[in-house]
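Residue numbers (my numbering), protein chains in the order written: chain B, 1 to 144; chain P, 1001 to 1619.
Don't be surprised by glycine CBs; every beta carbon is placed ideally from N, CA and C.
Right, one structure below, let's go through it.
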């Protein structure tokens, strides 16, 4: 069994290398950006524009993840999409973020409205990860 | 103390705040490389200027000042610089820290003619920066309410912070705010510390007194600062406690972060620092943080290991730490340079002139002569107080057998504790018939001080007297501090329940140290020969006699002697170093002095002697 496996090892590696050289490399057909930038988060009291749209273009389908980190390295928001999802297919896509943190506290106000913790004023770091690798990075600005 | 605890918790509960956004605290990321290498576990140890960020009560224990400067680049984008200094004074420790961070390169975007998002290249990029200045104070150690033997320190931080955001369509905006931290550090033993701290205690709803980051433009937004309660336990194990060859010092700290105002789980931080030599320290930590789980209001605990090393040259310490990120490209490297300031503590020290600190004596009391700073009007030692004359004073101090920590606390005219000093005196047991020149005087004195041997009521030791089997067994059992139980039946035919050594003999039989004779007797009063004593000691001290030297150890102990293996092994292990001749005289009765000398060379007893003579432990 060991001999069979060792004999199969080199051909398998060879064919994997050949296959990977012919397969299409994933690239961005449209840069990873957000609009508006700067933007206001959902808790904004004035203004009509709240939240921001992350835009990116994919050359081929991929498992996609968008991550947002505070400047201290805390991962505060993350969304994942499979290559079979619309956001993971080839082409131009936009994903919305309202500025609320997954890691934040939610508080019900006297009015019944739930106030969610949002990103503070400042710059945050966003990453577009495709098939487990960082494809692009973008700095987003929150300013109320 | 209870009132202070209630006050701190009340503050933190009030901090649960109305602010919809929280800014990151510099205490999370602008800290020294040493603490990052420890997995950010530092609340219990808190022994350098980094304690300002973790537990402001740490400064009160510092004997020397320290300065720590740190540089790092977080997520490969945010530049962070910090400087922290801690300076012990006669009133307590004063600390100052400053941290600065910044990131730039965020660009204004617009939708183009086809509705796609693009960078507006006509506008400048946006930049964000922040800074924090911290003023810290820690009290001098005071007797804790828990026990008169336990001392504690209290510390507070006043934090001032600023942030600014500019460029792009923003123009220029800035914010500022203040907050406070509190800390408590208890030292229940020489090498254990228990710490608590509450960071950012001010409620952010109280705009006027701080607790919030207030923006002066835009919507004049108010942001809170995350408040967290930390509890930690730290161990600083010196070389004297560590097994031989295990280096100079081992530090272990475990902290728990608890969040009152947020639904965050408690986060664990564990760190260990090992100094194999005076110059090199190695660190490893286990760090936890919250992270998004990928859904709204859904978080998980992200754990990672951190690594670090420190190099010490003179008063300088160079530290490096590596903190991996969940993104391969965003690992963080921390670099710190620290300077230990040696002079601050020396100014406020009461110095024992006679006897000097670390004195060994046989006397039952000493006349302590010491010199305190001139502002010290009264010195208290134990329950006694004495007035000083231009700082000098004398006091007779009784000594007990063993370690005597003479703690001197100096008070000024106002009654403030402004100086302290320590004189460590070791009193050894002395016997009238064992002069200091006697060849085995050290081992007899050490064994007696440790309580392993005792003398006679007339103050003598009778070192040349022979040892009976019962006496030898008692010696061995006492040296191991074995718990004794009164036998319910006769131990041997000739060792009744009422025999003075019945408990020792029973314990030694239970421990397989000695055996009786085939006829069921023990012969407790029979004298012990040197060969028999060595044989018992080799078995008792786990000295290996499996591979003794081939050649006979002594001329009069041939290879076929019943105890030759044990005698050879004992000689190899250094137990018989007192035998200077080429003969051993195995059949000669062993004396009390020889038994003491041999016993003192057994590994675990020599470790106990080392501890007894170590002035850094037990005072």
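Integer-rounded CB distance, given that residue j should sit under 8 Å from residue i
{"i": "residue 1102 of chain P", "j": "residue 1167 of chain P", "result": "Their Cβ separation, rounded to whole angstroms, is 12 Å, which puts residue 1102 of chain P and residue 1167 of chain P out of contact at 8 Å."}
{"i": "residue 1048 of chain P", "j": "residue 1068 of chain P", "result": "6 Å"}
{"i": "residue 1469 of chain P", "j": "residue 1526 of chain P", "result": "5 Å"}
{"i": "residue 1248 of chain P", "j": "residue 1045 of chain P", "result": "Rounded, the Cβ-Cβ distance is 16 Å, inconsistent with contact."}
{"i": "residue 122 of chain B", "j": "residue 1161 of chain P", "result": "That belief does not hold up - the Cβ atoms of residue 122 of chain B and residue 1161 of chain P are roughly 12 Å apart, past 8 Å."}
{"i": "residue 1386 of chain P", "j": "residue 1393 of chain P", "result": "5 Å"}
{"i": "residue 53 of chain B", "j": "residue 1117 of chain P", "result": "7 Å"}
{"i": "residue 1354 of chain P", "j": "residue 1369 of chain P", "result": "4 Å"}
{"i": "residue 1057 of chain P", "j": "residue 1185 of chain P", "result": "4 Å"}
{"i": "residue 1153 of chain P", "j": "residue 1108 of chain P", "result": "In fact, because the Cβ distance is near 51 Å, the residues do not count as touching under 8 Å."}
{"i": "residue 1034 of chain P", "j": "residue 1269 of chain P", "result": "Contact flag wrong, Cβ pair sits at about 13 Å."}
Extent of the continuous alpha helix (DSSP H) to which residue i belongs
{"i": "residue 82 of chain B", "result": "Taken as a continuous stretch (DSSP letters only), residue 82 of chain B belongs to no alpha helix (DSSP H), as it is neither H nor E."}
{"i": "residue 1594 of chain P", "result": "1592 to 1600"}
{"i": "residue 1503 of chain P", "result": "1502 to 1510"}
{"i": "residue 1571 of chain P", "result": "1564 to 1572"}
{"i": "residue 1537 of chain P", "result": "1530 to 1540"}
Start and end residues, beta strand (DSSP E) containing residue i
{"i": "residue 1318 of chain P", "result": "1316 to 1323"}
{"i": "residue 1424 of chain P", "result": "1417 to 1427"}
{"i": "residue 1359 of chain P", "result": "1359 to 1361"}
{"i": "residue 1606 of chain P", "result": "Segment 1603 to 1613 is the alpha helix (DSSP H) holding residue 1606 of chain P; no beta strand (DSSP E) there."}
{"i": "residue 1160 of chain P", "result": "1151 to 1167"}
{"i": "residue 1032 of chain P", "result": "No beta strand (DSSP E) holds residue 1032 of chain P; DSSP gives it neither H nor E."}
{"i": "residue 1369 of chain P", "result": "1365 to 1371"}
{"i": "residue 1408 of chain P", "result": "1402 to 1411"}
{"i": "residue 103 of chain B", "result": "Where residue 103 of chain B is concerned, there is no enclosing beta strand (DSSP E), given that its DSSP letter is neither H nor E."}
{"i": "residue 1111 of chain P", "result": "1109 to 1111"}
C-alpha gap between residue i and residue j, whole angstroms
{"i": "residue 138 of chain B", "j": "residue 1110 of chain P", "result": "15 Å"}
{"i": "residue 1550 of chain P", "j": "residue 1425 of chain P", "result": "Below a pLDDT of 50, predicted positions are generally treated as unreliable, and residue 1550 of chain P, at 49, falls in that range; the measurement from the model is reported next regardless. Distance between the alpha carbons of residue 1550 of chain P and residue 1425 of chain P: 47 Å."}
{"i": "residue 18 of chain B", "j": "residue 1100 of chain P", "result": "Any answer about residue 18 of chain B is weak, because its pLDDT of 49 lies below 50 and its placement is not dependable; what the coordinates show is given next. Rounded to whole angstroms, residue 18 of chain B to residue 1100 of chain P spans 50 Å at the Cα level."}
{"i": "residue 1662 of chain P", "j": "residue 1599 of chain P", "result": "Residue numbering for chain P in the displayed model covers 1001 to 1619; residue 1662 of chain P lies beyond these limits and cannot be assessed."}
{"i": "residue 34 of chain B", "j": "residue 141 of chain B", "result": "9 Å"}
{"i": "residue 1621 of chain P", "j": "residue 1612 of chain P", "result": "As shown, chain P starts at 1001 and ends at 1619. That puts residue 1621 of chain P outside it, with no answer to give."}
{"i": "residue 1036 of chain P", "j": "residue 1333 of chain P", "result": "9 Å"}
{"i": "residue 1593 of chain P", "j": "residue 1463 of chain P", "result": "5 Å"}
{"i": "residue 1076 of chain P", "j": "residue 1140 of chain P", "result": "41 Å"}
{"i": "residue 1352 of chain P", "j": "residue 1616 of chain P", "result": "17 Å"}
{"i": "residue 1230 of chain P", "j": "residue 1262 of chain P", "result": "14 Å"}
{"i": "residue 47 of chain B", "j": "residue 1188 of chain P", "result": "Note that residue 47 of chain B scores 45 on pLDDT, short of 50, meaning its location in the model is unreliable and no value can be drawn from it."}
{"i": "residue 1403 of chain P", "j": "residue 1074 of chain P", "result": "50 Å"}
{"i": "residue 1618 of chain P", "j": "residue 1467 of chain P", "result": "33 Å"}
{"i": "residue 127 of chain B", "j": "residue 1194 of chain P", "result": "40 Å"}
{"i": "residue 86 of chain B", "j": "residue 1316 of chain P", "result": "57 Å"}
{"i": "residue 1143 of chain P", "j": "residue 1581 of chain P", "result": "57 Å"}
{"i": "residue 1447 of chain P", "j": "residue 1255 of chain P", "result": "41 Å"}
{"i": "residue 1200 of chain P", "j": "residue 1297 of chain P", "result": "24 Å"}
{"i": "residue 1595 of chain P", "j": "residue 1478 of chain P", "result": "14 Å"}
{"i": "residue 1344 of chain P", "j": "residue 1093 of chain P", "result": "Caution is warranted here: a pLDDT of 47 is assigned to residue 1344 of chain P, below 50, making its placement in the model unreliable, and the coordinate value is therefore given only provisionally. Approximately 10 Å between the Cα atoms of the pair."}
{"i": "residue 1524 of chain P", "j": "residue 1495 of chain P", "result": "7 Å"}
{"i": "residue 1434 of chain P", "j": "residue 1607 of chain P", "result": "23 Å"}
{"i": "residue 78 of chain B", "j": "residue 71 of chain B", "result": "15 Å"}
{"i": "residue 1620 of chain P", "j": "residue 91 of chain B", "result": "Chain P is shown from 1001 up to 1619; residue 1620 of chain P falls before or after that span and cannot be answered."}
{"i": "residue 1289 of chain P", "j": "residue 62 of chain B", "result": "29 Å"}
{"i": "residue 1501 of chain P", "j": "residue 1471 of chain P", "result": "8 Å"}
{"i": "residue 1602 of chain P", "j": "residue 1265 of chain P", "result": "51 Å"}
{"i": "residue 1451 of chain P", "j": "residue 1445 of chain P", "result": "10 Å"}
{"i": "residue 1610 of chain P", "j": "residue 1225 of chain P", "result": "51 Å"}
{"i": "residue 103 of chain B", "j": "residue 1374 of chain P", "result": "57 Å"}
Any non-hydrogen atom of the ligand ZN closer than 8 Å to residue i Cβ
{"i": "residue 1094 of chain P", "result": "Among the ligands in the structure shown, none appear at all, so the ligand ZN cannot be discussed."}
Residues that residue i contacts on chain C, provided the C-beta gap is smaller than 8 Å
{"i": "residue 1022 of chain P", "result": "Here the protein chains are B and P, and chain C is not one of them."}
ask   = When Cβ atoms are compared, which residues of the region 69 to 103 of chain B fall closer than 8 Å to chain P?
value = 69, 70, 71, 72, 73, 74, 75, 76, 77, 78, 79, 80, 92, 94, 100, 101, 102 and 103
request  = Please list the residues of the region 119 to 133 of chain B that have a C-beta atom closer than 7 Å to any C-beta atom in chain P, keeping them in chain order.
outcome  = 119, 120, 121, 122, 123, 125 and 127
query = When Cβ atoms are compared, which residues of the region 1223 to 1234 of chain P fall closer than 7 Å to chain B?
reply = 1223
Selection of the region 1070 to 1095 of chain P by Cβ proximity to chain B, strictly under 7 Å = 1074, 1075, 1077 and 1078
ask   = When you check each C-beta in the region 1278 to 1309 of chain P against every C-beta of chain B, which residues fall closer than 8 Å?
value = 1289, 1290, 1291, 1292, 1293, 1294, 1295, 1296, 1297, 1298, 1299 and 1302
message = My parser needs the alpha helix (DSSP H) runs of 4 or more residues fully inside the region 1235 to 1295 of chain P; what are they?
response = none
query = Residues in the region 1092 to 1123 of chain P with C-beta within 8 Å of chain B's C-beta atoms, listed in sequence order?
reply = 1101, 1103, 1104, 1105, 1106, 1107, 1108, 1109, 1110, 1111, 1116, 1117, 1118 and 1119
task = Below 7 Å between beta carbons is the criterion; list the residues of the region 1159 to 1170 of chain P that meet it against any residue of chain B, in chain order.
result = 1163, 1165, 1168, 1169 and 1170
key: Whole beta strand (DSSP E) elements within the region 1055 to 1104 of chain P, 3-residue minimum   = 1065 to 1074 and 1078 to 1088
inquiry  = For the region 1170 to 1183 of chain P, list every residue whose C-beta sits within 8 Å of some C-beta in chain B, in sequence order.
reply    = 1170, 1173 and 1175
Members of the region 48 to 63 of chain B that neighbour chain P once the beta carbon cut-off is set at 8 Å = 53 and 55
ask   = Along the chain, which unbroken stretches of the alpha helix (DSSP H) at least 4 residues long are found entirely within the region 1450 to 1500 of chain P?
value = 1469 to 1479
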